[in-house]
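Before any comments, here is the structure.
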Amino acid sequence: MSTTIVSLPDQSTARVPKTNFLTKENGLLSWLLTGDHKRIATLYLISITFFFFIGGALAGLIRLELLTPQSDLMATDTYNKVFTMHGVVMIFLFLVPSVPATLGNFLIPIMIGAKDLALPKINLLSWYLYVVGGILVLYTMITGGVDTGWTFTVPLSTHYLNTNVLSTGLAVFVAGFSSIFTGLNFIVTIHKMRAPGMTWFRLPLFVWAHYAASILMVLGTPVLAIAIVLVALERTTGIGVFDPAKGGDPILFQHLFWFYSHPAVYIMILPGMGVISEVVSTFARKRVFGYTAVAFSSVAIAVFGFFVWEHHMFIMGVSNYSTLVFSLLTMLVAVPSAIKIFNWTFTLYKGSITFETPMLYAFGFMGLFTIGGLTGVFLGTTGTDIHLTETYFIVAHFHFVMVGGMLMAFLAGIHFWWPKWTGRMYPEKISQLAALVTFIGFNFTFFPQFIVGTLGMPRRYAAYPAEFQILNVFSTAGATILGVGYLLPLLYLAWSLKYGEVAGNNPWQATGLEWQIQSPPLTENFVEIPVVDRDAYDYEWLERQKEKEVTTSVG
Amino acid sequence: MSDSTAIVNGAPADAHEHPHPPYQRHHFESMGQQVDATSFAMWLFLLTEVMFFGGLFTAYLIYRNWYYPAFVVGSHQLDIFWGTANTAVLITSSFTMAMGVWSAEMRRKGLLVFFLVMTFLLGLAFLGIKTIEYGEKIEKHHVPGFHYSVQSFVDSRSDKEVFEKYHDKSLPLDMARHTEVYFSLYFAMTGMHALHMIIGIAILAFMIVRARAGAYTTGHITFVENFGLYWHFVDIIWIFLFPLLYLISRHGY
Amino acid sequence: MNHISDVIWKFLVKWLTNFALFPPEASKIAPQMDALYFFMVLVSLIGLTVVVLLITSFSVLYRKRRHPVAVQIEGSTLLEATWTIIPLGLFLVMFVWGAIVYFRIYTPPANAMNIYVVGKQWMWKAEHPGGQHEINSLHIPTGRPIQLTLISQDVFHSFSIPAFRVKREAIPGRYTSVWFEPTTPGTYHLFCTQYCGTNHSAMIGEIVVLSPDDYKKWLADSTSGMSLAQNGERLFATLSCNACHNGRPDSRGPSLANVFGSKLTLTNGSAVTADEAFLRQAILNPSEHVTQGYSPIMPTYQGQISEDGVIALVEYIKNLNSNYRVEQTLNTTNLLPESEGKASGAAARPATATPPAKAPQGQGTVKQ
Amino acid sequence: MSAKQEQHLSKHDQLLHDFHDNLDHVVPPRIYIIVGSVLLIFTGITVAASYADMGVFNPVVALFIAVVKATIVVLFFMHVKYSSKLTKLTVAGGIFTFLVLVGMTLADYVTRAWGRW
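Residue numbers (the numbering used here), protein chains in the order written: chain R, 1 to 555; chain G, 1001 to 1253; chain Z, 2001 to 2368; chain F, 3001 to 3117.
This is how it looks when you write it as structure tokens:
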């Protein structure tokens, strides 16, 4: 009995179909003016990868600087700029759009059986906004960077810095609208464009997750926008909304900022969870355990996500009593995540599991996200938050969630849908290796930070007491491994574009609508709009299909 | 596989078999679906707008409770006449806009153009009045950050006409300084609102041109409808700004 | 490269010899915090182990080779209820426990010795009641509760003592406070943990915990002659506060004797406890803090007194329990017209908002 | 050729027709006129009310009237009264999130005075 489910067409005869969304039209303009969600997704994938590696390079610099206790590699202000740019690039230009704008953009219309997103022009517009935001960030970097930290804390950002706060703010503002439009587009599409028979509870969990994330994008981002606008006004004209010298309250800014930036965390992680649901189900050959629970837990996370932001401010002199409310709600929002983890785990139960690369990344996600989530409870609990917040513990925590969770999910998704996207398989063995390297490197990098954080090493320090060095050395060493782990996929995926095996329609024997059409798909996805008469993850249906094919081919 | 691609290569022929109205985007199954989708999208966009202004309203609420006296005398600086006039203007413009949508639905080109122009003019009128009000503030140095002066609050008599109206007590210096917060919010809120008006007016100008070319009287009025939604939303924002900034703090403290 | 590896070696040895997973417990609250912390660590480890065990065992048991055909299972309400309710229960326990610790740390006892800490880019300045000033260090005795009253002169800072498990942000324009009771003498880290600009990582210092006797010695050695309250008293006279706040029956301002800690009713009807934060506000934004029965005639001192000045005043008022000396100083200051002039000048300041940059000047005038 | 075109056009019109069916029903101008004048009247009322000193009730009344006006605009000018459940839900969702923003922020500001720092 084989250990893989990969079933590729006979390579000697198989070809990647001549007509597909990539070959439909040629020329730069056909890309820059395209309305096709798959092409826009491709554009996004390229630009996002670009910024991911910029952010990664900055992260490398940070780790190098922290190799020694003194700030000897770079001056403190340079270091401050580096970690600020790292934060801005990674959060606003990579994490927030990563899965939704690439995989979501590519898959949601196909998964619900539509020809395209509801608003292709808006979709393209949101990519252009993203690019503008990106260019502004690059401009900021070239013209001396900014050192507010990605949180733009007032009055530091308004009165005490003379770096490019404005251009960065504008970049965040623009990028924010890009994500608003993406989310808006998804919600409309999922509501209005579902194929006949595609009821809400037949939707793949990937779609549910994106629906939840989109709600957060649409309702959260504008509050960040107005906060940024007020900061800009305060910098330029000196109005006094947040200025303590004029009677404003700087903590109000924090409220507005975190009202978006906490839900933003769920904007980042929810789509990743969607990916994991698809991957786990496919490689366990099993319907996701407790489909409804997982679906609703996504929505629950989205809704609760709006009620917990103040747990970023427990020590900032907010009212002690309000921390009770927010801490309690934070505990509630932790529960749906737990539900998801256990449901995925039990999806494996009595499955028929194989261990292709996406599954490995998915396992990585489940392990690391569990740690990230649990350490999140440490910070949501008011008492322990006092000691742990603003230290490397919190850095480790959100890197476990964002890098260990989100990035693993992103890579899982990229590998999983790569054959669909390009029509060719990635090389399995080396990619499995890459997954392993990433996992090891990641733990080496970030686990020591939990300890050094508990010991009290503050975040955003260019120089630190000598006794913390050894753990930082571990961390930096791990970061180099991690770097390799991220470079490998870039290389072999590029290689596979030309030399990868032809994938055929459904290499994974998966059940989603996207796997029933040619890969790469046609410009409008379907020859005719499918009529859906089955639930998601219906593997019996898939078996019946195969039998049918066999009999017809025999007959 | 191969023949399926063949069919798709014949996509235009395929489209020819069941014709769409020219303005139906090809990825929609029916015109109804397109209309629903676009107007739903517009509503979601308005949602983001609500949250955008939401931040400002929150700030206003908090500071009004902190610095009530400053907000009282601050609002006394606003001319209730102009405020009311502006509200009337904006409501009327909302009405003409609604009529515009109606005449588009009825495919009455002349009427449509007429109402759009009316809305356009009323919008300009609103901005005109706002400019007058802003001008006053600039004269009195009540623009935060630009040589802001609390003279007319620490010594209320120094500000003749306002004093005759309201006979405010002079504020102690510390509270008087907080009027700057009031005006910060006043300019932030009305400024954001005015910005939305300007965008709206620009779109209106564009629409008028298209409408005269008969663009919206062929039965496809989504654009007009959605713009209507936007315009009414801007109206609603003002419906709240007007009492908050002009009315609710008129009486002493 | 070479020296780095050398460094690594040195520290590897050092680190392994005194390997620590958490900082020393040097305050009363630390063990309580750690108890909760270890409880959470334990729960997390169990949870993680459960998940990892399940995943691995399932992947072994149900790998394709061993278990070729998957059995489709819809789900199980019972199971799902279990892993909804159990985590929820645990989280709620953590919430309650955490809240208890949190309130302990942020509600100082009445008998706490109060030390003022001013944060500014990029240093910590501690002011002891005895008038001792410290930069980037804090000497404190064991065995008595110590309250820190924090204020920032510019941006957000955060006063963090890992060994005590306490941390509190120093906010511009408002006092915040935190307290602890040191248990073991020694020198511990002091960090600014809220990013505050270029030299954020240089805004560190040391907390020196001394035995009560050593502390007495230290106080004696490092006294600056004048106690904080005495500075305050001088300032109180220079700014002619005593012109109104002198406890005379005809005085225009309320008597400040024993005002600290008392419950006041303000003109706007609200009742407040006169704590440090309130006194500060009452000096800088008087009109919002007028005691009932008095008219809002007090001028604001925003921008005329440095934070240190305000601290001195607050400390003075805290310790003021009779108006006798006030009367004395009043009589003397009446002989000095220029201070009166200063006061009236302060009252009729030009009505333009003063930028905070002015503050140091004010300090200068106060000091001499 | 021409026949074909005719047929094409007729199909087109028929399309437009069923598209008009699923278009939310057209609100007669009469209603707009009523609504518009009601709004203006309310504006008058709220201004008048602002001159009467009702203490804490000035804001209450003013905001109540504002809410009424806004509701009218939403229901009639913006056709929500005649639109799908989804639209109604969207509006509700917007209001809800706005209230969350205000309410939860106030949770901090209102309770700050409680106890001491």
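C-beta: ideal position from N, C-alpha, C; glycine also.
Distance, residue j Cα to residue i Cα
{"i": "Met1207 (chain G)", "j": "Asp1235 (chain G)", "result": "19 Å"}
{"i": "Met1197 (chain G)", "j": "Phe3096 (chain F)", "result": "25 Å"}
{"i": "Val16 (chain R)", "j": "Met406 (chain R)", "result": "31 Å"}
{"i": "Leu482 (chain R)", "j": "Tyr2301 (chain Z)", "result": "56 Å"}
{"i": "Phe474 (chain R)", "j": "Lys2010 (chain Z)", "result": "14 Å"}
{"i": "Ile451 (chain R)", "j": "Val1154 (chain G)", "result": "57 Å"}
{"i": "Asp3013 (chain F)", "j": "Gly1219 (chain G)", "result": "The predicted model places Asp3013 (chain F) with a pLDDT of 47, which falls under 50 and marks its position as unreliable; any figure quoted below should be read in that light. If I take the Cα positions, the gap works out to 10 Å."}
{"i": "Ile40 (chain R)", "j": "Met90 (chain R)", "result": "20 Å"}
{"i": "Tyr2324 (chain Z)", "j": "Phe2260 (chain Z)", "result": "17 Å"}
{"i": "Ile62 (chain R)", "j": "Gly404 (chain R)", "result": "18 Å"}
{"i": "Leu2235 (chain Z)", "j": "Ala3070 (chain F)", "result": "56 Å"}
{"i": "Arg2066 (chain Z)", "j": "Ala479 (chain R)", "result": "37 Å"}
{"i": "Val218 (chain R)", "j": "Ser126 (chain R)", "result": "13 Å"}
{"i": "Pro3028 (chain F)", "j": "Thr2082 (chain Z)", "result": "57 Å"}
{"i": "Gln2363 (chain Z)", "j": "Ala2170 (chain Z)", "result": "Bear in mind that a pLDDT of 37 at Gln2363 (chain Z), under 50, signals an unreliable position, so the number given afterwards is only what the model happens to contain. Going from the Cα of Gln2363 (chain Z) to the Cα of Ala2170 (chain Z) covers about 20 Å."}
{"i": "Asp1168 (chain G)", "j": "Met141 (chain R)", "result": "52 Å"}
{"i": "Leu2313 (chain Z)", "j": "Ser2255 (chain Z)", "result": "14 Å"}
Residue i in three-state terms, based on DSSP
{"i": "His2200 (chain Z)", "result": "helix"}
{"i": "His2189 (chain Z)", "result": "strand"}
{"i": "Met2123 (chain Z)", "result": "strand"}
{"i": "Thr354 (chain R)", "result": "coil"}
{"i": "Ala101 (chain R)", "result": "helix"}
{"i": "Ser1075 (chain G)", "result": "helix"}
{"i": "Ala2343 (chain Z)", "result": "Confidence is the limiting factor: at Ala2343 (chain Z) the pLDDT is only 40, short of 50, which leaves the residue's position unreliable and the question unanswerable from this model."}
{"i": "Ile2073 (chain Z)", "result": "coil"}
{"i": "Leu2138 (chain Z)", "result": "strand"}
{"i": "Tyr1957 (chain Z)", "result": "Residue 1957 (chain Z) is absent from the model: chain Z starts at 2001 and stops at 2368."}
For residue i, the first and last residue of its enclosing alpha helix (DSSP H)
{"i": "Pro2031 (chain Z)", "result": "Ile2029 to Leu2061"}
{"i": "Thr345 (chain R)", "result": "Asn320 to Leu348"}
{"i": "His86 (chain R)", "result": "Thr76 to Val88"}
{"i": "Glu1232 (chain G)", "result": "A quick correction: the sequence has His, not Glu, at residue 1232 (chain G). That run of the alpha helix (DSSP H) goes Thr1222 to Leu1241."}
{"i": "Lys1165 (chain G)", "result": "Lys1160 to Tyr1166"}
{"i": "Ala1037 (chain G)", "result": "Met1031 to Trp1066"}
Residue i - containing beta strand (DSSP E), residue span
{"i": "Phe52 (chain R)", "result": "Run containing Phe52 (chain R): none in the beta strand (DSSP E); it sits in the alpha helix (DSSP H), His37 to Glu65."}
{"i": "Arg2168 (chain Z)", "result": "Val2166 to Ala2170"}
{"i": "Gly2369 (chain Z)", "result": "Absent from the model: residue 2369 (chain Z). The displayed extent of chain Z is 2001 to 2368, so no value can be given."}
{"i": "Ser2177 (chain Z)", "result": "Thr2176 to Phe2180"}
{"i": "Ala2271 (chain Z)", "result": "Ala2271 to Thr2273"}
Contact under 9 Å by Cβ, residue i with residue j
{"i": "Tyr2215 (chain Z)", "j": "Ala2026 (chain Z)", "result": "no"}
{"i": "Phe296 (chain R)", "j": "Phe314 (chain R)", "result": "no"}
{"i": "Tyr461 (chain R)", "j": "Pro204 (chain R)", "result": "no"}
{"i": "His2200 (chain Z)", "j": "Asn80 (chain R)", "result": "yes"}
{"i": "Ala2277 (chain Z)", "j": "Ser2177 (chain Z)", "result": "yes"}
{"i": "Ala1098 (chain G)", "j": "Val3080 (chain F)", "result": "no"}
{"i": "Pro2182 (chain Z)", "j": "Gln2153 (chain Z)", "result": "no"}
{"i": "Gly240 (chain R)", "j": "Pro1144 (chain G)", "result": "yes"}
{"i": "Ala2110 (chain Z)", "j": "Arg2144 (chain Z)", "result": "no"}
For the region 1045-1059 of chain G against the region 128-144 of chain R, do three or more pairs of beta-carbon atoms, one drawn from each stretch, fall closer than 8 Å, so that the two count as touching?
Short answer: they don't touch.
The region 2306-2322 of chain Z in contact with the region 2118-2130 of chain Z per 3-pair CB rule at 8 Å:
yes
Count the CB pairs spanning the region 410-426 of chain R and the region 352-364 of chain R that are closer than 8 Å, and state whether there are at least three.
yes
Are three or more beta carbon pairs between the region 2031-2039 of chain Z and the region 382-389 of chain R nearer than 8 Å?
yes
For the pair the region 2160-2171 of chain Z and the region 301-311 of chain R, tell me if three or more CB-CB distances fall below 8 Å.
no
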